[in-house]
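Chains A and B are the protein sequences, given in the same order.
FYI, the working numbering numbers position 24 of the first sequence as 127, with every residue one higher than the one before it.
FYI, the working numbering numbers position 461 of the second sequence as 573, with every residue one higher than the one before it.
Where is the CB? At the ideal position from N, CA and C, for every residue including glycine.
The model shown is predicted, which means the values in this text are computed figures rather than measured ones.
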Amino acid sequence: MALLFKREAPVLHFGPRLPKDPSTNQRMRWSERRFVLWPALMYRVVAPEVRDRELNVLQKAALGMCRAGTTNVQRIGDRLHIHPDLAALIYLELQERGLLGSNGLPTEKGRELFEEETLDARRMVTGHVFQDPWSGDLWPRFVEKLDYVELQQNPNGFPDLVLGSKGKPRRERAFMVLPGDLAIPPAPGASDIVRVTRRHRSALRRSESYESADEDDTFAHAGSVVLERVTLVDDRPTPVFVTSFMYLPEAGDLAGEWHACDPFGLGVSPTLRRALEREMRSSSGLRSVLEGMIGRSLDEQIQDQQRWASEIRAMAINNVEKALSISARDLPQYEDLVALEYAHVEAELLGDSCPDHKLRALVGDARRALEATFGAIFQRHPPRQVWRRVYTDRRPVEDDVYCQGVYEASAKAVGFHVPLPEALARVKPNHVKAACYPDGNWRLRGAIIAAVLAARDDRAHPLRRAAAQEPKLLELLDGVARAGGAVHAGAERPSLQSVLPVVADVHRAVGLLSGLGQPLDSARI
Amino acid sequence: MTSAPRQVTDINGVRYSLLRQLGRGGQGAVYEVDGGRLAAKIVFDSSAARRERLRNQLTQVKRLSLADLEIARPIEMLREPVLGYVMELLTGMQPLKALGAVPKEESSPAAWYLAGGGLRRRLQLLARSADALAALHGKGLVYSDPSPHNIFVSESPAATEVRFIDADNIHYASVAGVPAVYTPGYGAPELVRCTSGVNSLTDAHAFSVLAFQTLSLAHPLIGDAVNDGPPEREEEALGGRLPWIDHPTDETNRASYGISRPNVLSRKLLELAERAFGAGLRDAAKRPGVSEWAECLHGAADATLSCASCKGTYYFTEKLCPWCDEPRPAFATAAFNLWDPSVGAGGELLQKPVGDRRRAVVAAVLGLTDGETVSVTQRLAHGRDGAAGARPVIELQLSGTRLSLRSVDGGRYRLSSPSGGRGAEVTDRVKEIRLEPGVASWRLHLGSPDSLHRVVNFELRPGGAR
């Protein structure tokens, strides 16, 4: 048995397009799209002309009453069971549109429009309806003129749609959905045809989607159309393809959803999307077209992301070097400082939309920048065995008060403000000891105390210079350590406003400890 | 009948509502048909005999197999009493004459020339026109009246579509004595002298004139002596009795107007013009045919670069942009050579003797401007001609020393390293290769490895100096 649909079947293009955005009244835009040629069985029929209605139900009723000689608004209201004020308003509207004369009777224009709006008087025209080859359902569309489109076959089997003008044609690669061996569904009946013409009319009115509620759909019957006048011109349908496309919306649909356009230019079509999904289960080619569209979009986003990352890094480097001079490049913790500034710039650019994980990472970067700074200090001014001051033989002193006294005495000798913040004063001796060994400065508070103890006997220690400039530096450092602890998993959700001061404190501390340039502009003074 | 009806009917009974008049000539007028896709040509001729002859002619043309040619052919004949036919509406197109003469109000002819797409686009439009004519000649038909009025081209400077209109001009070759229709200025001398009917060589003459004129903005036979002389002198010139304006020795008909020929005509195009308007003026058999024009025009268009400064296009043999004197930037060439695996290892790249040396056979050379995307078409990749030859196969983009390649026809193409030891593939994802001056590049293979095919060798070339 010969296949119903062949590659050579005519292709019709009714200009599928995206719907309008109701908030801006501008047509939405796609970021990626792929054309598909969707099969349909086309019947030539004689049916009522599809036109948008110019009168609503009440206007039509009021005009009809005036036509019958009832021109008094009170009586119109009574007969229509509406308030006389509403009847008066409708009467006025009809007069303003030139449909009613000053005597209350319909003008010639009013009489013509009334007759046109009455279904049984509607002009019958020859047009086409389209049937789904799988289900036999009629598409809710009625088309008078057919717009054929040129199709060019490529050597790889994918056809190109030739769109645009003759002078500037545009070729669009398309995927032809070829149904397998299908039997011809039963031909549509007259009432089906009338119903699709009505649904088409209401879709035109909305110009968005034909699938939302529709007052015409509440009348399943053919209304006042004389069904005998509705006929099929052809006994057998013509297999055709209609163009449509799947697309990803440009405005960044957060759900990452793709959509399909109504082939007849009336916005988005969930029905076609469902049908495409159904076909994808059996057509790997169609699925790979969709995946290609989504994949290409991701590829482009990755390129954008890379560009964004390199621009932010350039800005971060510029900020670090502006604050600490070009000599900052010689600091061992340079990359950590750039990483902190990168996260800072990115968070500020993202503003309120900065995600939680980035804010947590920013605080982590701030803490790491300080740890790296102390690591750099320890390279030039090794703490050696200052931990022994809070140890007896090989055991840590367990007397917290004693330890606090040792810490505060050293801090005071170096020039810092005492008493120390509680968390610093209660640093365990083993944490101080760990900080004195290579790679042990990952405990920030331990490293701070070790550095304070070392600075007591080292007049060239950077902490001494920093203490001279900022005696409350240890409180500032403790604040950073505290913030770092607060963003651990399960802690309260950070906000950009709560995180930025921490970054500013790190900037100030690094400026003071490195002795390079001025603290960054964003630092709290 | 001299006025058109509002509605016409074709022989199948389909009605067409006529909208605005698009053009009017001596024979009839063309109207837009409601719907925006079709036009109707209606012929106004009161002579019953001529109407009958024309109807037969149109019916015959409609039966011809012209679907693959860029000709706006009749789709349906109109029903009596109207004489005419329905054809495709050429939306977004204009006559070629719009590119052949500087408007009087134009203050800068060079700027106007560039605004029309410049040299490369003119070469491409002419090449595609020559392709269509050559294909028509290949079917044993002649167009009869090629002229800038009958060839429509894209309005957009970014597009190069071509359509011949007035399909009723198409004939089999005619004999002398039958009145021939031609546009003054484009008729071959033998037609002007009524010593011949239309044939492919009269088409070739008309095409030669319009190609020369579109490129140089000068009519090859109308020099200053004709412009300033009596009307009879023009007749003499168009009848081939005066030398052409660039005759190598006879300077009697020199033209002081037009663009300097070497700037717009490549060496091969200059040779063709010399043959067409030199010996070919008196002896039609010595004229180059339109297929030869097509080949040279395509080759010339391929050998152009874009100027980053003025956006004009010029031949890469120039050291400076002729439109703005900007030095030519570094560029690359893509040489299309032949690869025959049956020759055996080491000898696959086909060569021919040139003097005492052997050189690779070059089928085409494409110039690549830095930053510009260029398409390798079916013509370049597989030697296909006509409309099918214009389809892109691979896109190339040069960025400094890096060349990006991407397949646009869905095919996969092989890349081989200069030594042949390594391989890669060009697919629909961008593939980059590095070019170095004087160093052999990766080769792009445009066919199956076990059959004769074209290969592309890329070469980075230095810029010109001021």
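Item: Burial state of A:TYR437 (16 or more Cβ within 10 Å); Value: buried
Item: Proximity winner among A:ASP560, A:GLY398, A:VAL148, A:GLY213, relative to A:VAL232 (alpha-carbon distances); Value: A:VAL148
Item: Assigned exposure category for A:ALA165 - 16 Cβ within 10 Å defines buried; Value: buried
Item: CB contact below 8 Å: B:SER266 versus chain A; Value: yes
Item: Inter-stretch contact (C-beta, 8 Å, three-pair minimum) for the stretch 168-180 of chain A and the stretch 265-282 of chain A; Value: no
Item: Range of the contiguous beta strand (DSSP E) that encloses B:PHE448; Value: 443-451
Item: A:ALA633 versus B:PHE319: straight-line alpha-carbon distance, rounded; Value: Nothing can be reported for residue 633 of chain A, as the shown portion of chain A is limited to 104 through 628.
Item: B:HIS565 in three-state terms, based on DSSP; Value: strand
Item: Residues that B:GLY479 bridges to, as DSSP identifies them; Value: B:THR445
Item: Reduced DSSP secondary structure (H/G/I, E/B, other) of B:ALA552; Value: coil
Item: Classification of B:PRO296 by the beta-carbon crowding that lies within 10 angstroms, buried from 16 upward; Value: exposed
Item: Chain B contact for A:PRO272 (CB, 8 Å cutoff); Value: yes
Item: Neighbour flag for B:CYS497 against chain A, beta carbons, 8 Å; Value: Looking at the sequence provided, one finds Asp at residue 497 of chain B rather than Cys. No, B:ASP497 does not count as interfacial toward chain A.
Item: At least three beta-carbon pairs within less than 8 Å, the stretch 180-195 of chain B to the stretch 147-156 of chain B; Value: yes
Item: Beta-carbon proximity of B:LEU350 to B:GLY299, cut-off 8 Å; Value: yes
Item: Nearest candidate by alpha-carbon position, reference A:THR229, set B:THR513, B:VAL126, B:ARG234; Value: B:VAL126
Item: Residue-level contact to chain B via CB, A:SER268, 8 Å cutoff; Value: yes
Item: Burial state of A:GLU382, where buried means 16 or more other Cβ atoms lie within 10 Å; Value: buried
Item: Contact check, A:PRO574 vs A:GLY518, beta carbons under 8 Å; Value: yes
Item: Beta-carbon spacing of B:LEU327, B:ARG234 below 8 Å; Value: yes
Item: Beta carbon of A:PRO340 nearer than 8 Å to that of A:ILE287; Value: yes
Item: Cα-Cα separation, A:LEU452 to A:LEU434; Value: 27 Å
Item: Minimum C-alpha distance to B:TYR369 - residue among B:SER241, B:ASP340, B:ARG345; Value: B:ASP340
Item: Simplified DSSP state of B:ALA472, which is helix, strand or coil; Value: strand
Item: Backbone CA spacing between B:ALA396 and B:ALA247 [nearest angstrom]; Value: 20 Å
Item: Proximal residues of chain A, C-beta to C-beta of B:GLU507 below 7 Å; Value: In chain order: nothing, as chain A lies at least about 13 Å away.
Item: Chain-order list of residues whose beta-carbon lies under 6 Å from that of B:ARG149 (same chain, five-residue window excluded); Value: LEU201
Item: Simplified DSSP state of B:LEU176, which is helix, strand or coil; Value: coil
Item: Pair within 8 Å by beta-carbon distance, B:TYR525 and B:ILE506; Value: yes
Item: Beta-carbon contacts of A:PRO119 that lie in its chain and below 8 Å, excluding the five residues immediately before and after; Value: THR346, SER347, PHE348, CYS364, ASP365, PRO366, PHE367, GLY368
Item: Simplified DSSP state of B:TRP224, which is helix, strand or coil; Value: helix
Item: Coil, strand or helix - B:ASP395 by DSSP; Value: coil
Item: Residue nearest to B:THR272 in terms of C-alpha spacing, selected from B:SER312, B:GLY230, B:CYS419; Value: B:GLY230
Item: Chain A contact for B:ASP521 (CB, 8 Å cutoff); Value: yes
Item: Candidates B:ARG503, B:SER511, B:GLY512, of which the one nearest A:PRO262 by Cα; Value: B:ARG503
Item: C-beta neighbour in chain B for A:PHE261, strict 8 Å; Value: yes
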